[in-house]
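Numbering (the working numbering), first residue to last: 11 to 179.
Now the structure itself:
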């Protein structure tokens, strides 16, 4: 079974994906990393240089390539489920898991990693919190359609594995 991890930037999709893949002995595919490998540059550079339309089409193509795996953990970009029919496609081809996080939790995580995220690197704390609240509000209508919703804060991977296995029964 393909397990698609979705949620806002900074909620812990990549970290949870690595832990889930290791504990479940499944391959891990990180959509952003795969796009970086294809393009030879960071996703933020692809977005800036080639534009959002190109970026979202590439993201959709890479997402559709996940069917190469019968069973895998797939860590998606924060916007992946919000464009085209990506969310419905993921639900038809696997299980979607939303790592739900509060704006304050996201702020505390992203504040420490701003330098590594060009989209938010130049924002002060007030701008960052406003950005998180606005974008999360826009995207949550997609995220909340996930098959499984878990709290990202203090996420216990063993509990998540149990939830996924129960869902698949």
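Cβ atoms here follow ideal geometry from the backbone N, Cα and C, with glycine treated the same way. Note that this is a predicted model, so its numbers are computed, not measured.
Buried versus exposed, by CB contacts within 10 Å (16 or more), residue i
i           : result
residue 29  : buried
residue 78  : exposed
residue 179 : exposed
residue 44  : buried
residue 154 : exposed
residue 48  : exposed
residue 26  : buried
residue 132 : exposed
residue 110 : buried
residue 76  : buried
residue 177 : exposed
residue 108 : buried
Element boundaries [beta strand (DSSP E), containing residue i]
i           : result
residue 168 : Not the beta strand (DSSP E): residue 168 falls in the alpha helix (DSSP H), residues 167 to 178.
residue 164 : Premise fails: residue 164 is in no beta strand (DSSP E) and is neither H nor E.
Inter-residue CB distance, residue i and residue j (contact presumed, cutoff 8 angstroms)
i          : j           : result
residue 41 : residue 90  : 6 angstroms
residue 71 : residue 36  : Their Cβ separation, rounded to whole angstroms, is 22 angstroms, which puts residue 71 and residue 36 out of contact at 8 angstroms.
residue 16 : residue 162 : Not a contact, Cβ separation roughly 11 angstroms.
Test item: CB-CB of residue i and residue j under 8 angstroms
i           : j           : result
residue 87  : residue 69  : yes
residue 130 : residue 120 : yes
residue 165 : residue 22  : yes
residue 12  : residue 96  : no
residue 18  : residue 170 : no
residue 83  : residue 38  : yes
Span of the alpha helix (DSSP H), counted from its first residue to its last, around residue i
i          : result
residue 39 : No alpha helix (DSSP H) contains residue 39, which is instead part of the beta strand (DSSP E) from 38 to 40.
Residue-level contact to chain C via CB, residue i, 8 angstroms cutoff
i          : result
residue 47 : Among the protein chains of the structure shown there is no chain C, as only one such chain exists.
- prompt: What are the start and end residues of each continuous alpha helix (DSSP H) run of 4 or more residues lying completely inside the segment 64 to 105, in chain order?
  reply: 96 to 103
task: Taking only runs that begin and end inside the segment 109 to 171, name each unbroken alpha helix (DSSP H) of 4 or more residues, in chain order.
output: Counting whole runs of 4 or more residues, the segment 109 to 171 contains the alpha helix (DSSP H) stretches 113 to 121, 135 to 153.
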